[in-house]
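K.L.:
Which chain is which? The protein sequence lines are A and B, in order.
First residue of the first sequence: 848, per my numbering; consecutive thereafter.
First residue of the second sequence: 3, per my numbering; consecutive thereafter.
Each residue gets a CB set at the ideal place from its N, CA and C atoms; glycine is no exception.
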Amino acid sequence: MVPAGLPLNEPQRLDALHGFDILDTPPEEAFDRFTRIAAKILDVPIALVSLVDEARQWFKSRHGLDVAETPRDWAFCSYVVKDDQILVVEDATRDARFADSPLVVGAPEIRFYAGAPLRTRENYNLGTLCVIDRQPRRGLTPQQTALLTDLADAVVNQLYLHKLASELQRAQLAQAQLGAIIEYCGDAVIGKSVDGTITSWNTGAQTLYGYTPDEAIGQHATLLVPPALLGEWERMVDHIAGGEAVEQFETVRLAKDGQEIDVSVSLSPIRDRGGGLTGFSTIARDISQQKQIEKAKAEFVSTVSHELRTPLTSIKGSLGLLQSGVFGELPEAIRPMVDIAYNNSERLVRLINDLLDIEKMEAGKVEFHLEPLDLAALVRQSLAENAGYAVTRGVTLRAVEPLAPARVIGDKDRLLQVMANLLSNAAKFSPAQGVVEVALTQGEGKARVSVIDHGPGIPDAFRARIFQKFSQADASDAAHAGTGLGLSICRAIVERHCGTMDFTTAAGVGTTFYFDLPEVRS
Amino acid sequence: MRALKRILHVEDAADIRKIVEIILVRMGNYTVLQCASGDEAVEKAAAFAPDLVLLDVMMPGLDGPQTLEELRAREGLRDTPVVFMTAKVQSGEVEMLKALGAVEVLAKPFDPATLCSRIEEIWARHHGA
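As structure tokens, then:
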């Protein structure tokens, strides 16, 4: 037996074969029909659809043969694959290539063989449709050759059909899975046509709004919108029509029973292949519980801080009176104790104020009075306002000239609060006689304010949590210690301005805190 | 501008009344009447004829804003400047209290050392000085 060798495009050919997903699948009548016809018409006992992979020929259909596969090296079909043309062997015992083949010497004792290539549309030869006889025979007539070739082509078509069917099955399975996910995801998922008519309605939507799919589908989406919010809804739809998604927009929707529900909705446009808008999908999540918790938390913080402030007013007032000397000069030994108590009462006040501030900021309850601002003027004002505190630390504040002529939209008082925080931090961590510099630069449509100190730098271990609440590297000095909330408040303020805040630091060199705000053209 | 002499202080917390009394009387030399509730203030204010009222916001019974309204309705107190003292400095609250007619809103806790000077500033500003 002389093995056939491999065709030049063997790797691609194998890829193509595996792409049909047919190897080792059960027999199918659609393929058996061809082998039956071939055997009948050519009057042979055996006909096969043989697919040749790396190591074997495997029979998708076999008429008159019990074996499911044989080694590739034994296979007559390997020659058809290698040479990519029809192969006819009249008497294998007289052909040097096959005379000692186990398939000739032993079962099924092949004498006559004729195989036509199964050639794909991309010209990969996957195997053969072949007929076999145990008796030597004369070659095929031209009509028989044409018939075998035609049948082989029909087998290839059947292979494509098989491939399409399995792809379809996979797609249907994926779609069914996706459908199940959407149906039972817990959120209300609603499909709408371009004109706002509801086209799909999942279980989550039924649970949230109370309408069954039959009641909801075909209705207009404004069914769920409280009359007062129709304007908002229309703006949202316009936004979608412009091609942009709306993400996690908090609003109110109307349930079937008339109840208003706090929801977070995300809307996305649905497009056809050409990019045309065919509708939009809405995902709505019930956030009423979350809203209640937020409200309760806000009330709690507000109440607690009020309840804390009242006794604190008495404590700070009493200590302040002792300090003021209204009851006479304090004894030398007592004075430092009163100072400590007074400083700590002040720190408690700052803490409560900051806590309230950040709580409101996080709840989105702080109203920002936005106006066009000359950022350079704001920086200079912050330098003037905070110079006094810096002096008490033996530190000088200085602008890095020139400050860029940047204009932003912002809340002046809140941005001054950010600057005060950054400047007092920088002063606090500067060496005596140190200088804190403030730069204002422009680039890529943003204005950047940098507050630069030449202090010890931020310890490695502290860097990752510097913007977290109650994070302080060193809180040992009560008189000047912050509350550990300043930077989280700063960052929250900057983010409410659509800006970002970050820092760079190097041990022994210093730290730069900076924030970027979107610039506006004057 | 005449000098500020008579201050009516309305506050339900006894400790704070005591402290404010010491500040106003001993540090500021004012004549002070203290009331523990809005109702008491409404009852006694006209007879005391204060130059200025320091008014707590959150009190049982008549609260600060209600007390202010009652005082405004009384002869002789219609134009008396009222300063709120509040421990609940929420956003919008200061604006709201000023809109009710208060000339200023002071946050609690206050600084005892500067309370008198702040009140004098408010008094001067109120008289357009």
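Mark Tyr1007(A) as exposed unless 16 or more other C-beta atoms lie within 10 angstroms of its C-beta, in which case mark it buried.
P.N.:
When all chains shown are included, Tyr1007(A) counts as exposed.
K.L.:
Does the beta carbon of Ser1161(A) come closer than 7 Å to any beta carbon on chain B?
P.N.:
Output row for Ser1161(A): interface = yes.
K.L.:
Going along the chain, which residues of its own chain have a beta-carbon closer than 7 Å to the beta-carbon of Ile1087(A), five neighbours each way excluded?
P.N.:
Same-chain partners within the cutoff: Val1093, Leu1114, Pro1116 and Phe1127.
K.L.:
Spell out the partners DSSP gives Pro1365(A) in its beta bridges.
P.N.:
In the DSSP output, where bridge partners are listed per residue, Pro1365(A) has Lys1293(A).
K.L.:
In or out: Ala1326(A) buried (at least 16 other Cβ within 10 Å) or exposed?
P.N.:
Low per-residue confidence applies at Ala1326(A): pLDDT is 48, beneath 50, and the placement is therefore not dependable enough to give any value.
K.L.:
According to DSSP, simplified to helix, strand and coil, what is Ala1326(A)?
P.N.:
With a pLDDT of 48 at Ala1326(A), under the threshold of 50, the predicted position of this residue should be treated as unreliable, though the coordinate-derived value follows. Reduced to three states, the DSSP call for Ala1326(A) is coil.
K.L.:
CB Leu976(A) to CB Val1002(A), shorter than 7 Å?
P.N.:
It is a contact, given that the beta carbons lie within the stated cut-off.
K.L.:
By DSSP, does Ser908(A) sit in helix, in strand, or in coil?
P.N.:
The answer is strand: DSSP assigns Ser908(A) an E or B state.
K.L.:
Which parts of the region 1258-1303 of chain A are runs of the alpha helix (DSSP H), unbroken and 4 residues or longer, counting only runs that do not cross its ends?
P.N.:
Counting only runs of 4 or more, we get 1259-1275.
K.L.:
So, for Pro1252(A): in the same chain, excluding its five sequence neighbours on each side, which residues have a beta-carbon less than 7 Å away from its beta-carbon?
P.N.:
Here the set comprises Ala1223.
K.L.:
To the nearest angstrom, how far is the alpha carbon of Arg958(A) from that of Leu855(A)?
P.N.:
For Arg958(A) and Leu855(A), the distance between alpha carbons rounds to 29 Å.
K.L.:
Hey, how far is the Cα of Leu108(B) from the Cα of Val85(B)?
P.N.:
Distance between the alpha carbons of Leu108(B) and Val85(B): 7 Å.
K.L.:
Quick check: the Cα distance between Trp1080(A) and Thr1129(A), rounded to an integer number of angstroms?
P.N.:
C-alpha separation (whole angstroms): 12 Å.
K.L.:
Mapping DSSP to helix, strand and coil, what is Gly30(B)?
P.N.:
Three-state DSSP puts Gly30(B) in coil, outside helix and strand.
K.L.:
Can you check whether the C-beta of Ala1326(A) is within less than 7 Å of a C-beta belonging to chain B?
P.N.:
Unreliable positioning characterises Ala1326(A) in this predicted model, as indicated by a pLDDT of 48, which lies under 50. A coordinate reading is not provided.
K.L.:
Considering only C-alpha positions, which residue in the set Ile869(A), Ile1256(A), Phe1360(A) and Gly1105(A) is nearest to Cys1345(A)?
P.N.:
Among Ile869(A), Ile1256(A), Phe1360(A) and Gly1105(A), the Cα nearest to that of Cys1345(A) belongs to Ile1256(A).
K.L.:
So which residues on chain B does Ser1335(A) lean against when the C-beta distance must stay under 9 Å?
P.N.:
Within 9 Å Cβ-Cβ: nothing; Ser1335(A) doesn't reach chain B, min ~18 Å.
K.L.:
Counting along the chain, where does the alpha helix (DSSP H) carrying Val1084(A) start and finish?
P.N.:
Residues Leu1077 to Ala1088.
K.L.:
Which runs of the beta strand (DSSP E) at least 3 residues long sit entirely within the region 1088-1114 of chain A? Give them in chain order.
P.N.:
Whole beta strand (DSSP E) segments, 3+ residues: 1093-1101.
K.L.:
For Leu1364(A), which residues from the same chain have a beta carbon less than 6 Å from its beta carbon, with the 5 sequence-adjacent residues on both sides left out?
P.N.:
The residues are Val1255, Ala1294, His1344 and Gly1346.
K.L.:
Do we get a CB-CB distance below 7 Å when we pair Arg28(B) with the residues of chain A?
P.N.:
Closer than 7 Å to some Cβ of chain A, the Cβ of Arg28(B) qualifies, so yes.
K.L.:
Beta-carbon of Leu1020(A) versus every beta-carbon of chain B: anything under 7 Å?
P.N.:
No - not a single Cβ of chain B is within 7 Å of the one on Leu1020(A).
K.L.:
Where do the N-terminal and C-terminal ends of the alpha helix (DSSP H) with Met1184(A) fall, by residue?
P.N.:
That run of the alpha helix (DSSP H) goes Arg1182 to Glu1209.
K.L.:
Return yes when the Cβ of Arg28(B) is within less than 7 Å of the Cβ of Val815(A), no when it is not.
P.N.:
Within the shown structure, residues of chain A are numbered from 848 to 1369, placing residue 815(A) beyond reach of any answer.
K.L.:
Can you look up Tyr1031(A) in the DSSP assignment and give me helix, strand or coil?
P.N.:
The answer is coil: DSSP assigns Tyr1031(A) none of H, G, I, E or B.
K.L.:
Using three-state DSSP, classify Cys1345(A) as helix, strand or coil.
P.N.:
The answer is coil: DSSP assigns Cys1345(A) none of H, G, I, E or B.
K.L.:
Which parts of the region 873-917 of chain A are runs of the alpha helix (DSSP H), unbroken and 4 residues or longer, counting only runs that do not cross its ends?
P.N.:
Correct list: 876-889.
K.L.:
Take the Cβ of Ala1035(A) as the centre, count every other Cβ of all protein chains shown within 10 Å, and call the residue buried at 16 or more, exposed below.
P.N.:
With 16 or more Cβ atoms within 10 Å of its Cβ, Ala1035(A) is classed as buried.
K.L.:
Closest Cβ-Cβ distance between Arg1156(A) and chain B: below 7 Å?
P.N.:
By this cut-off, Arg1156(A) is an interface position.
K.L.:
Can you check DSSP and say which residues form a bridge with Ile1045(A)?
P.N.:
Paired residue(s): Lys1039(A).
K.L.:
Arg1227(A) by DSSP, collapsed to three states: which one?
P.N.:
In the structure shown, Arg1227(A) sits in a helix (DSSP, three-state: H, G or I).
K.L.:
Whole angstroms is fine: what's the gap from Arg1310(A)'s alpha carbon to Ile1299(A)'s?
P.N.:
Looking at the two C-alpha atoms, the distance is approximately 16 Å.
K.L.:
Chain A beta carbons: is any one of them nearer than 7 Å to that of Lys110(B)?
P.N.:
At least one chain A Cβ lies under 7 Å of Lys110(B).
K.L.:
For Lys7(B), count neighbouring C-beta atoms within 10 Å of its own C-beta (all shown protein chains included) and say buried if the count is 16 or more, exposed if not.
P.N.:
Exposed, because fewer than 16 other Cβ atoms sit within 10 Å of the Cβ of Lys7(B).
K.L.:
Applying the 10 Å Cβ sphere with the 16-neighbour rule, what's the burial state of Gly1038(A)?
P.N.:
Classification of Gly1038(A): buried, given that the 10 Å Cβ count is 16 or more.
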